[in-house]
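A.B. asks: Just dropping this structure here.
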């Protein structure tokens, strides 16, 4: 007979039995059969088999109602079936009836009388929960085992709980502490003094959010790193991305500029795509968050960098940042997971009475390292020698040496332009609390930061954060609403003044005696202080809101919907007053008074309905998840250029402009839809299997190319659970091997690339509107870039987790590369979006280790070390030779290389000379034979956390071994040339220049002509000397804090008070000759900040 | 039962797929049109052709500004001095293939060509545009293509001949010989001549009509030494006396002047970019007139010297600048940027006639017409200022006189001087003595590096 039919027949029989039993009101009577059975730790299943064997009674039960793996100590001699069953079901909310030869187990349905009695019989239990030191633990959870009764402790750690049972077991739990069970009986109803002990095996407790589901760190099959609020909070940072530097393996965060609000480049496990986006996917509270600039105006933001959208989120509001790296973790994000996922979760309320946390900090930032430039004497000598070398005389416009300017004046432009101390100030307040079902947090924060530039510029952020979580009585329905609102103001100006530290040291004062900008009789071509008048301001409003609704249909079946919305609105104003222009210039006209008004909106919405189901059997637990996702992004940007104002004072009023033209318009719409599923199987907490799959579609692709499938398979084996390991390696308390393989995709290209569009021109023709064909060739055939990821890792915990080590190996191969292929100029087009079967490989090793060096009550010392060794390689690129990119890429080499000329200083001419490598008599791209790698050989961090009594000291070193661009690649004025077009002072290295015939020099001679300039710029842009070692070790952050002891504070009604001194980028050890090896070139480096703070908890 | 469930799930997934597809449909951006809608009606199709002119007039090869042929070809000849990093390479005839000004001279014309080709393709498949408008637009697009190739072939020599928009073909194009390019130019111009009428489709003379095409044909035939046709087409334009006349020196560059055959409307709501670039108020940072050039430019008593040249003097020296355009910047637009004007047609006809046996004197008569306009009123001190050239001059002298007249009349306009020196093979003789680094291979500019990088079929010009 078919198995299914048998089962149905059995169920029918069972139903009949139950119906009969209920109708006849037959209560369980004592029957004559007796049982003899002695066995320790026998499972119910075995027991029931024994009953069948000895008495021929069937025991039947509903699947799921009874865990038959439950064990009891059987000690029956001549016991009645009643006695046996009572023992078997003791403590369970089950009862049984015996009918004919069947013992039917069912849920207890107390009679009305029972209920009334039980009501009067409620016992009140009470007690207090403390930690090992005796400090009360508010928010600990107290449950009565096998019932629904549950409460949290109050701020003094006290609790009271009603019990319907006379005796039972109290279960007390608190995150990070070991669970405690306490029995109670009619004679023992309290007070219970419960002491919770901190749980050493952190692995088991840490929950990792992967976006669509959570998993314990112990059971995860993928590569996910987590940074918690604790780590973030110890650094005086503006942008949460800064907290990831040096703390997480596999993620490389490069700060682009020290200007507040400036950009970062973030790469998770290397560069996968040749030229579509390499940004990870950012999700803030479940909603997509833009990763790239949101400025409407392409115009020059300070430092050629961009406002980082993440700077609009306060680090203080963040509970955790999870970084998803491998296929197992990211493939559920399908097409957008190729570059990894950064999940940011904001703070939620914690159970307990209202707790108020307030903090304030104050400090300053400064440029940590200055460079040595030529002083006035050396500068003048350079200029004179340059003319002598060229056989020329200084001209009428060489004011610096022809007698017009004082040749003894010296200005330290570094001090003047980037030498200020920038004030930093932070304040925050949070109120949080809640009962078991409802928690809340509301908070506000304020951050203000100045700049190191002269004048009153800076960055301000003010924000509010709230979360409200509610649950229905039966805990069936849950809702959580989170909102973050931040307003930021960037008040800056048009140009990063850092490049002007190269202004001639004898350039006359920037201001005249009346404090007005001076052009010194039109001899100053570039007055850096003029840029301060060309102000730039950006105001943004950023709202992220998320509503999660969930409903438990059955015990293990849940539906959940996440609705999210993010909007960023930005208003920009860039002013160019006439006052900032040299009055002697032809452009000194009212028409040059311009103001650029930019507006942009960036809206994202997400709707993610998800069903989850947990299926428990004796063979393990199966978790299933099925969901869909609908996402959209609308971007609208426009900017107007207003000019011809009558006065500088009216620049903010667009109505006063005589001319207003359209500067830029952009409307972009992006839609994204997906179906995804996850199946996770956990066998005995030992063997884990995780399958994820996603099918999704993106509007960035043409019809027929929109959809694709992605997925991953991952497995883990917790081998430390094997008896053999337990017995032979007792010092190994945790060991896990995991591996996974999967496919993710990348759609980070521009919208609409498959359409031929005609765009509205900003220029009209005789007041008629005009259109032009888009400069990108349309192509309807391109599709997803795919990334196949492989990972294998081992996680080990030694000596009760005193040492935790994780070593991972990954190999990502991305193919079907989406290339925006640059087209020859003669096509009249700039590029075309195409797929190329080119393949890029990223392999790497990641090490992450944590040591508890000391863990006594008064002294704790934790050390963390992480190291990433990445290797990027272009595996194949069909047609590279003829693609026109031959000079840029090479098979077998990393993507980030520079093919360079071999540069020597010609002994006769003293000029940089490019070697004619192929000897064809011409010097062209074919002679760029020296391949130089630009990028990281390895990077990582070393962190230490020391706690002695109430003192806490944290410090973090980050290190990077890398090649970078020489600082001179950015300052291209040949040593000796005039100052008309760019600042022309030099770093003191030029002193070792070629001077005389047959000199063996490494630095070109001084010169003024365009021939010397051309030689110099080839060498500095494309020469082997333009790539240098830019490795560094940096004391990234230090935090020293003192927590006042609780007792004296109780008088002040204070729960806690911490005073702290925090510093960032304290010092850097490097051979790099520029301002900073991270930012390289002549941009403002990451600043050194020192901040003193006070944090109070009431 | 089980199979039913399966069916329901499958049905659900299929529905979801449809709804997904629907969900993924995005509207084209509101500031853009898809190709099909552009050529749906007259207005949109016209705005496409206007787009070409707007782009030409705005900071491009044709605008008269710092990136223009006027500026850069002027700097590389003996007319102008370039001071900034980009144009000083032109001044020293040491242009590197990476020079960013060079890109404008190469890419700009090709952008016009791409737009013209797109319009020609769009018009071909459209059937909802009024036939007269369609003919007009087709003529304009063909003209623009020819006009752009004229400058490409003269500045760079053999170049790729792009006649459609498919990047798969255009991105691997090879350089076509100069004669093949000229063939196409003549073909396009002749077709355009048949399509356009003498009416300007615009207010003022800001869009090409038939005369514009004919003027360009006259110039093209002159460059090809086809004297008969050059004379023929110049005569046609000169003959339209009800439309075109020589006007006094200070009125030539005014908007809608009678001398204008084609002017570009300045887009930035200011006057011409030429005026903005040339007129100096202080030490020049970008360009000025070469004082040696100014010294030999005019015969004595030429009104053009006083009317068209100005100078400023400050503590750093004296600087000359062209003053053909009088307004540096003003929101009241009174001057348009001149592309083709009647005086050039006289000069073309003069040269074409002098080169034909028996027509030398009639050629010299044409030159004298131009001289007459530049002649001051005689007075007691100067009874015979800027006299007529004797019609008895022999061919060589007459040609030299033509060269001088073109130099004096057309300086600082559209690189005429540079192209004339090249065309008449006089470039080495004139430039070698005054420009130390000049070599004869420099008469062609280098092909920009990005072109070489992206298209392996393109090789660099000799000497670079």
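Protein chains in written order, with the numbering used here: chain A, 129 to 1226; chain B, -13 to 450. C-beta atoms are modelled at their ideal positions from N, C-alpha and C, and glycine is treated no differently. Predicted, not measured: the structure shown is a model, and the values here were computed from it.
1) If residue 109 of chain B and residue 123 of chain B are in contact, beta carbons under 8 Å, what's the gap, nearest whole angstrom?
2) Report yes or no: is there a C-beta of chain A within less than 7 Å of the C-beta of residue 299 of chain B?
3) Does the beta carbon of residue 274 of chain B come closer than 7 Å to any beta carbon on chain A?
4) If you follow the beta strand (DSSP E) that residue 411 of chain A is part of, which residue opens it and which one closes it?
5) Between A:866, A:350 and A:454, which has its C-alpha nearest residue 940 of chain A's C-alpha?
6) Who are the neighbours of residue 964 of chain A on chain B, taking C-beta pairs under 9 Å?
7) Counting only beta-carbon atoms, is residue 1142 of chain A nearer than 7 Å to chain B?
8) Residue 1089 of chain A and residue 1066 of chain A look like a contact to me (Cβ under 8 Å); what is the Cβ gap, rounded to whole Å?
9) Sorted by chain position, which residues of the same chain lie with C-beta nearer than 8 Å to residue 55 of chain B's C-beta, five sequence neighbours on each side aside?
10) With distances taken Cα to Cα, identify the nearest neighbour of residue 1047 of chain A among A:539, A:1077 and A:1055.
11) Quick one: residues in its chain with C-beta nearer than 6 Å to the C-beta of residue 1189 of chain A, no 5 flanking neighbours on either side, listed in chain order?
12) Spatial neighbours of residue 444 of chain A within its chain, please: CB distance less than 6 Å, with the 5 preceding and 5 following residues excluded, ordered by chain position.
13) To the nearest angstrom, report how far apart residue 430 of chain B and residue 88 of chain B are at their CA atoms.
14) Measuring only the C-alpha atoms, how far is residue 328 of chain B from residue 191 of chain B?
15) Are the C-beta of residue 801 of chain A and some C-beta of chain B separated by less than 7 Å?
16) Is the separation between the beta-carbon of residue 440 of chain A and that of residue 614 of chain A shorter than 7 Å?
17) Distance cutoff 7 Å, beta carbons only. Does residue 960 of chain A sit that close to anything in chain B?
18) Tell me whether residue 775 of chain A sits in a helix, a strand or coil according to DSSP, three-state version.
19) List, in order along the chain, the chain B residues whose C-beta lies closer than 8 Å to that of residue 993 of chain A?
20) Residue 1059 of chain A by DSSP, collapsed to three states: which one?
21) Alpha helix (DSSP H) containing residue 514 of chain A: first to last residue?
22) Compare the C-alpha of residue 752 of chain A against each of A:1125, A:183 and A:341 and name the closest.
23) Between the region 536 to 553 of chain A and the region 272 to 285 of chain B, are three or more C-beta pairs nearer than 8 Å?
24) At 3 residues or longer, and completely inside the region 675 to 755 of chain A: list those beta strand (DSSP E) runs for me, N to C.
25) Which residues mark the beginning and the end of the alpha helix (DSSP H) in which residue 60 of chain B is found?
26) Checking contacts by CB at 7 Å: is residue 37 of chain B closer than that to chain A?
27) Counting only Cβ-Cβ distances shorter than 9 Å, please list the residues of the region 756 to 777 of chain A near chain B, keeping chain order.
28) Scan the region 858 to 887 of chain A for residues whose Cβ lies nearer than 9 Å to a Cβ of chain B and list them as they occur along the chain.
29) With residue 30 of chain B and residue 1138 of chain A assumed to form a contact (beta carbons below 8 Å), what rounded beta-carbon distance in angstroms separates them?
30) Determine, for residue 201 of chain B, whether the minimum Cβ-Cβ distance to residues of chain A falls below 7 Å.
31) Closest to residue 994 of chain A by C-alpha separation, out of A:968, A:987 and A:1085, would be which residue?
32) What does the alpha-carbon distance come out to for the pair residue 496 of chain A and residue 1215 of chain A?
33) Near residue 562 of chain A, which residues of its chain fall below 6 Å by C-beta distance, leaving aside the five closest residues on each side in sequence?
34) Using a 10 Å radius around the Cβ and a threshold of 16 neighbouring Cβ atoms, would you call residue 307 of chain A buried or exposed?
35) Within a Cβ cutoff of 6 Å, which residues of the same chain sit near residue 433 of chain A, ignoring the five residues on either side of it in sequence?
36) Any idea if residue 214 of chain B is buried or exposed, counting beta-carbon neighbours within 10 angstroms, 16 or more meaning buried?
C.D. replies: According to the structure data:
1) About 6 Å separates the two Cβ atoms, so the contact holds.
2) Answer no: the Cβ-Cβ gap between residue 299 of chain B and chain A never drops below 7 Å.
3) Proximity of residue 274 of chain B to chain A, defined by a Cβ-Cβ separation below 7 Å, is not satisfied.
4) That run of the beta strand (DSSP E) goes 409 to 412.
5) Nearest to residue 940 of chain A by C-alpha distance, out of A:866, A:350 and A:454, is A:454.
6) By Cβ distance, chain B contributes nothing, its closest Cβ being about 14 Å from residue 964 of chain A, past 9 Å.
7) At least one beta carbon of chain B lies nearer than 7 Å to the beta carbon of residue 1142 of chain A.
8) With a Cβ gap of about 5 Å, residue 1089 of chain A and residue 1066 of chain A count as contacting.
9) Setting aside the 5 residues that flank it on each side, residue 55 of chain B is surrounded in the same chain by 47, 48, 91, 137, 141, 400 and 401, each with a C-beta closer than 8 Å to its C-beta; the list follows chain order.
10) In terms of Cα proximity to residue 1047 of chain A, the closest of A:539, A:1077 and A:1055 is A:1055.
11) For residue 1189 of chain A, the CB contacts under 6 Å within the same chain, skipping 5 residues up- and downstream, are 1168 and 1220 in chain order.
12) So the list reads 556 and 573, once near-sequence residues are dropped.
13) Rounded to whole angstroms, residue 430 of chain B to residue 88 of chain B spans 12 Å at the Cα level.
14) Residue 328 of chain B and residue 191 of chain B have their C-alpha atoms some 13 Å from each other.
15) Interface annotation, residue 801 of chain A: in contact with chain B, CB-CB separation under 7 Å.
16) Contact flag set, yes.
17) True, the Cβ-Cβ gap to chain B drops below 7 Å.
18) Note: residue 775 of chain A maps to coil in three-state DSSP.
19) None at all; the shortest Cβ gap to chain B is about 45 Å.
20) DSSP places residue 1059 of chain A in the strand class (E or B) of the three-state scheme.
21) 504 to 518 is the span of the alpha helix (DSSP H), which, as asked, contains residue 514 of chain A.
22) Nearest neighbour of residue 752 of chain A by Cα position, chosen from A:1125, A:183 and A:341, turns out to be A:341.
23) No, they do not touch.
24) Runs of the beta strand (DSSP E) inside the region 675 to 755 of chain A: 685 to 704 and 722 to 745.
25) For residue 60 of chain B, the enclosing alpha helix (DSSP H) covers residues 55 to 62.
26) Yes, because at least one Cβ of chain A sits closer than 7 Å to the Cβ of residue 37 of chain B.
27) Against chain B - using a Cβ distance shorter than 9 Å - the residues of the region 756 to 777 of chain A are 756, 758, 760, 764, 766, 771 and 772.
28) Those would be 879, 880, 883, 884, 885, 886 and 887, in chain order.
29) In fact, because the Cβ distance is near 47 Å, the residues do not count as touching under 8 Å.
30) False, the Cβ-Cβ gap to chain A never drops below 7 Å.
31) That would be A:1085, whose Cα lies nearest to the Cα of residue 994 of chain A.
32) Cα to Cα, the separation comes out at about 6 Å.
33) Same-chain partners within the cutoff: 477, 479 and 568.
34) Residue environment analysis places residue 307 of chain A among the exposed positions, since fewer than 16 neighbouring C-beta atoms fall within 10 angstroms of its C-beta.
35) At residue 433 of chain A the pLDDT is 48, less than 50, meaning the model places this residue with poor confidence; the figure from the coordinates comes in the next sentence. Around residue 433 of chain A: 384, 385, 390 and 391.
36) By the neighbour-count rule (16 or more Cβ atoms within 10 Å), residue 214 of chain B is not buried but exposed.
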